[in-house]
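One structure is given here, and the rest of the page talks about it.
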Amino acid sequence: MVTATTADGSHTAYVAVEVTTEIPGLVVRYALDETSGTSAANTAPGSSFGPATLTNGAAFSGTGEGVTLDGTNDYVDLPDHLLAGLTDVTVGLDVKVATDQATPYFVYGLGNTSGTAGNGYLFTTGNAYRTSIATGNWTTEQTVTKNANLQRGVWKHLTYTLSGTTAVLYEDGVEVGRQTGVTIDPKDIGDGSTLANYLGRSLYSGDRYLKGSVRDFRIYDRALTADEVYQVGADHTAVTGAELDALKVPAIVDGASSTVTLAVEPGTDVSALAPVLTVSPRATVTPGNGSVQDFTQPVEYTVTGPDGSSRTWTVQAKQMGSPVLPGTYADPNIAQFGDTFYLYATTDGTPGWGGKDFYVWKSTDLVTWERSEQPFLTLDGTNGNVPWATGNAWAPTIIERDGKYYFYFSGHNPTYNRKTIGVAVADSPEGPFMAQPTAMITNGEAVTSGQAIDPAAFRDPETGKFWLLWGNGGPSNGPVMAELNDDMTSIKQDTLRRIPGLTDFREGLFLNYRDGVYHLTYSIDDTGSENYRVGYATSDSIDGPWTYRGVILEKDASQGILGTGHSSILNVEGTDDWYIAYHRFAIPGGDGTHRETTIDRLTFGDDGLIQEVVPTLESVDPVDVAPTPRVELTVEATPRCLAGKVYVAVRATNAGDVPADVTLTTPYGTKTFAAVAPGANAYQSFATRATSVPAGTVTVTGTAVLDGAPVTTPYDVTYDADTCG
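FYI, the numbering for the sequence shown is 1 to 725, going by the working numbering.
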């Protein structure tokens with residue numbers, strides 16, 4: 001603070017002045033702010049190192065945004081031996097990593113290579129954000145890490161310091177990681193000789209190149225203090241967080257859009273909140289930090305740095321009703337049976353997706369969910385209740401047929417040393433479920449997938465046939481489907497086929513039907529990627545062809561919603577209301593093995609196609625579900641012998657309170673009975689004119705007027721094979 005007073009002492013003024021000095025110890029500095037050419041100057045005073053060279057098409061942005069890298073094969077080649085003689089070190093730069101950056105990758109690497117591998121180096125990467133120093137290959141690395149991925153699509157200042165045996169990692173001038181016990185000095189790398197010093201290129205030939213931008217790369221011959229790192233790396237107009245008692249999760253800050261989302265507990269009065277934004281100690285905030293504001297609409301804050309620079313941030317409050325399931329659960333399958341909704345999911349949060357338990361969740365309104373006290377299936381060999389499976393309890397699906405519930409799932413099968421699909425059967429959607437003793441899909445069938453995982457069951461309303469879809473891989477080797485046999489525990493091998501036309505397919509198939517159109521959704525990219533998303537195709541027939549319709553659900557980084565995928569879609573019975581259940585990276589700090597389940601609305605456009613889903617933090621409002629009216633029938637079908645021939649006898653008893661029209665449909669004929677009274681039977685023995693018949697299915701429909709409206713309820717019942725004579 002500088003004080004100025006007039007000569008007569010009548011007036012005094014106070015002026016805030018930021019005093020800066022050149023931070024000593026600079027070895028090299030490449031600002032990378034040139035506008036043309038391929039040579040980048042080293043502007044460190046007195047430095048003996050020459051310029052860096054832009055290689056293989058790397059280019060200056062020409063706008064002060066550094067060097068642009070395409071992620072294919074371009075990089076910045078730095079001079080050799082940059083670490084020679086250094087016992088302590090500071091390395092820093094600005095980087096903007098592209099949102100579609102492939103992994104693994106280096107932001108920078110300073111060291112040597114041997115063959116295809118690094119052989120002594122200092123490197124930084126953003127997945128997870130960490131810096132390692134090594135004397136040989138990766139097995140010798142000594143690492144300091146943030147234990148979280150670096151945000152992509154925005155500029156971040158990264159700094160690594162090593163002082164003695166302590167390494168510290170900074171992001172935007174703020175410490176995010178510390179590691180003691182480091183025994184390697186920079187000068188130990190190659191005994192001071194480093195011939196592979198790069199920005200944007202790994203020292204491992206199998207790694208990916210950096211896609212994005214870099215600027216202002218610096219090396220110091222000492223470990224800068226925290227204050228010095230802050231002076232170099234801090235953005236004095238940035239917001240890095242917010243304090244507010246009502247927050248459900250930490251404030252979600254998106255630098256790319258200059259937004260802050262206050263995800264508050266449901267029921268919070270957002271008309272009078274007083275958040276305290278986390279900013280640079282030398283910044284000022286307008287309106288006043290901690291002042292009460294009305295957040296029924298977004299509020300704009302201006303953060304002004306000591307140099308007069310400013311930035312406007314939009315701060316919004318949202319009542320966070322998600323996730324709908326507490327904890328980490330993924331790959332949700334949502335279903336409705338009667339007036340109750342159910343969710344079945346992968347139990348997440350274990351390395352390698354190693355969960356072994358399946359639970360059932362139930363709700364009457366899609367908002368409040370209750371979990372079964374114990375898992376109903378445990379995939380743990382002889383310690384569980386699925387004999388063939390040992391872990392990797394993934395991505396289930398469920399369907400009802402004739403009062404039985406068939407639960408399909410994938411798990412690791414040690415017999416084949418790969419993932420296979422099994423089925424368990426119950427009389428209730430809540431179990432108890434009895435798993436079949438062996439897997440039903442082994443990925444050794446005539447048509448295989450990359451992995452036999454992610455089953456999805458579907459009843460075709462046009463034919464009454466039941467199908468199973470599954471698969472993982474690419475569009476040409478991933479998606480597979482087959483018709484289920486009447487036992488629902490095996491497939492008709494002659495119906496097994498691939499599903500063509502699914503652009504960018506990876507996994508997570510799900511099929512719905514609406515107004516004569518089949519709507520097929522699936523996941524794109526890897527579940528560990530923040531770009532995991534839901535693709536969509538349609539057909540007028542379950543046999544295809546399928547028309548790709550684009551992506552209907554993807555991340556919204558401004559809300560901290562990442563990795564949105566592996567979805568299932570629900571049509572609330574008796575309505576045209578639709579919902580999509582999916583998982584995302586858990587908020588905060590989630591990743592591909594720490595995911596959470598949420599639900600959002602799904603709508604159709606005037607063209608009959610699914611519209612793009614808006615992912616939300618709020619989730620959905622409660623749904624009031626009236627019990628679905630049903631024509632209650634008791635149905636049985638039995639083969640019998642008469643005069644050496646097989647007859648199929650079908651009996652339907654009206655178990656309701658009003659008369660019903662009943663139609664019996666068999667492979668050998670159809671019979672309709674009008675106005676069958678409550679308690680009365682509709683019976684017909686159908687002649688097959690054969691001495692032997694295979695097992696088959698009878699469809700019985702009952703139609704009655706319930707609550708003033710006609711209702712039709714179908715029933716499918718199987719009968720056994722029989723031979724007479």
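Note that CB positions come from ideal geometry on N, CA and C, so glycine has one too.
Note that the structure is predicted; figures quoted are calculated from it, not measured.
- Under the three-state reduction of DSSP, residue 571 is assigned to strand.
- DSSP places residue 230 in no beta strand (DSSP E) but in the uninterrupted alpha helix (DSSP H) bounded by 226-233.
- DSSP lists no beta-bridge partner residue for residue 566.
- Here residue 297 is exposed: its Cβ has fewer than 16 other Cβ atoms, across all protein chains shown, within 10 Å.
- Comparing alpha-carbon positions, the option among 316, 261, 67, 113 lying closest to residue 210 turns out to be 67.
- Exclusion of the five residues before and after residue 173 leaves 229, 230, 233, 234 as the residues of its chain whose Cβ lies within less than 6 angstroms of its Cβ.
- Inter-segment contact for the region 386-395 and the region 410-423 is present: three or more beta-carbon pairs are separated by less than 8 angstroms.
- Contact between the region 444-459 and the region 470-489 is present: three or more C-beta pairs spanning the two stretches fall below 8 angstroms.
- Straight across, the Cα-Cα distance linking residue 196 with residue 571 is about 58 angstroms.
- In this structure, residue 580 and residue 567 form a Cβ contact; the two beta carbons are roughly 5 angstroms apart against a cut-off of 8 angstroms.
- Under the three-state reduction of DSSP output, residue 146 falls in the coil class, being neither helix nor strand.
- Residue 292 counts as exposed, since fewer than 16 other beta carbons sit within 10 angstroms of its beta carbon.
- By the neighbour-count criterion, in which a residue is buried when 16 or more other Cβ atoms sit within 10 angstroms of its Cβ, residue 564 is buried.
- Runs of the beta strand (DSSP E) spanning 3 or more residues and lying entirely within the region 418-490 occur at 418-426, 456-459, 466-470, 480-483, in chain order.
- Within the same chain, and ignoring the five residues on either side of residue 202 in sequence, the residues whose Cβ sits closer than 8 angstroms to its Cβ are 104, 105, 106, 109, 118, 123, 208, 209.
- The beta carbon of residue 79 sits closer than 6 angstroms to those of 49, 50, all from its chain and outside the five residues before and after it, given in chain order.
- Short of 6 angstroms from the beta carbon of residue 667, and not among the five residues preceding or following it, lie these beta carbons of its own chain, in chain order: 696.
- Classified as exposed, residue 492 has fewer than 16 neighbouring CB atoms from the shown chains inside 10 Å of its CB.
- Taking residue 635 as the centre and dropping the five residues before and after it, the same chain places the C-beta of 652, 700, 715, 717 closer than 6 angstroms to its C-beta, in chain order.
- Within the same chain, and ignoring the five residues on either side of residue 684 in sequence, the residues whose Cβ sits closer than 7 angstroms to its Cβ are 650, 664, 671.
- Here residue 550 is actually not in contact with residue 501; their C-beta atoms are around 13 angstroms apart, not less than 8 angstroms.
- Of the residues 227, 156, 330, the one whose Cα lies closest to the Cα of residue 528 is 330.
- Going by C-alpha positions, residue 254 is about 10 angstroms away from residue 314.
- Around the beta carbon of residue 150, a 10 Å sphere encloses 16 or more other beta carbons of the protein chains shown; the residue is thus reported as buried.
- Counting along the chain, the unbroken beta strand (DSSP E) around residue 511 starts and ends at 505-514.
- Contact between the region 342-349 and the region 583-603 is present: 3 or more CB-CB pairs across the two stretches fall below 8 angstroms.
- Annotation for residue 128: 145, 146, 147, 148, 149 place their beta carbon closer than 7 angstroms to its own, counting only its chain and skipping 5 residues before and after.
- Note: residue 498 is bridge-paired with 480 in the DSSP secondary-structure output.
- A direct Cα-Cα distance of roughly 8 angstroms separates residue 608 from residue 517.
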